[in-house]
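Letter by letter, the sequence shown follows residues -20 to -1, 1 to 123 in mature numbering (1 follows the signal peptide of the UniProt record, and there is no 0). Heads up, the beta-carbon is just placed ideally off N, CA and C, and yes, glycines get one too.
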Amino acid sequence: MKIVLLALVMRLLMIGAASAQETASFKIVVNPSNGISSLTKEQISDLFLKKVTQWENGRKALPVDQVTASTIREKFSKEIHEKSVTAINSYWRQKIFSGRDVPPPEKSSDADVLAYVAENADAVGYVSANAPVDKVKVLKITK
């Protein structure tokens, strides 16, 4: 009985560690002048799907995506949107076809995202967990 209980506890710990690793595989970044310090996953998703288009201060939010083929984009889409990149691309095709909106611009690397965010006061992006973030502000992702 003790062995079964120990195995169950170990399994739960591994699941928790895997979830923490998924969250830690990328960082959400904004310009240092942005007053925001944390966002929920739902708020982040809404910004990148342009369901919310303004920051709390009324300024236009400028989300920037990584390219479709990027591994970090797949991780971001699964963790934040809880959908695949293919599903998100389908969402944007529908928006474009109906003339309602266009997707955020795409950048081909962490460095390009970081440069865009550093240069645009209202930008928000995501980069790999190990990307150097000295010129941007990293947001805390809350539940």
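Keeping to the same chain, check which residues put their C-beta closer than 7 angstroms to that of residue i; ignore five residues upstream and five downstream.
i	result
S108	F6, I52 and D90
V116	V9, V10, N11, P12, L94, V97 and A98
residue 126	No answer is possible for residue 126: the residues shown for the chain start at -20 and end at 123.
Please look up how many angstroms separate the CB atoms of residue i and residue j, rounded, as I've assumed it's under 8 angstroms.
i	j	result
S18	A101	Wrong, their Cβ atoms sit about 18 angstroms apart, outside the cutoff.
I121	K30	Contact flag wrong, Cβ pair sits at about 19 angstroms.
Is the beta carbon of residue j closer than 8 angstroms to that of residue i?
i	j	result
S88	I60	no
A95	N11	no
F28	P112	no
V47	G105	no
I68	S50	no
Locate the beta strand (DSSP E) running through residue i, then write down its first and last residues.
i	result
A103	A103 to S108
V9	F6 to V10
According to DSSP, residue i sits in a beta bridge with which residue or residues?
i	result
D45	E86
residue 177	A query on residue 177 cannot be resolved here, the shown segment of the chain reaching from -20 to 123 and no further.
K40	Q34
Start and end of the alpha helix (DSSP H) containing residue i?
i	result
V65	V65 to F77
R80	R80 -> no alpha helix (DSSP H), and no H or E assigned at all.
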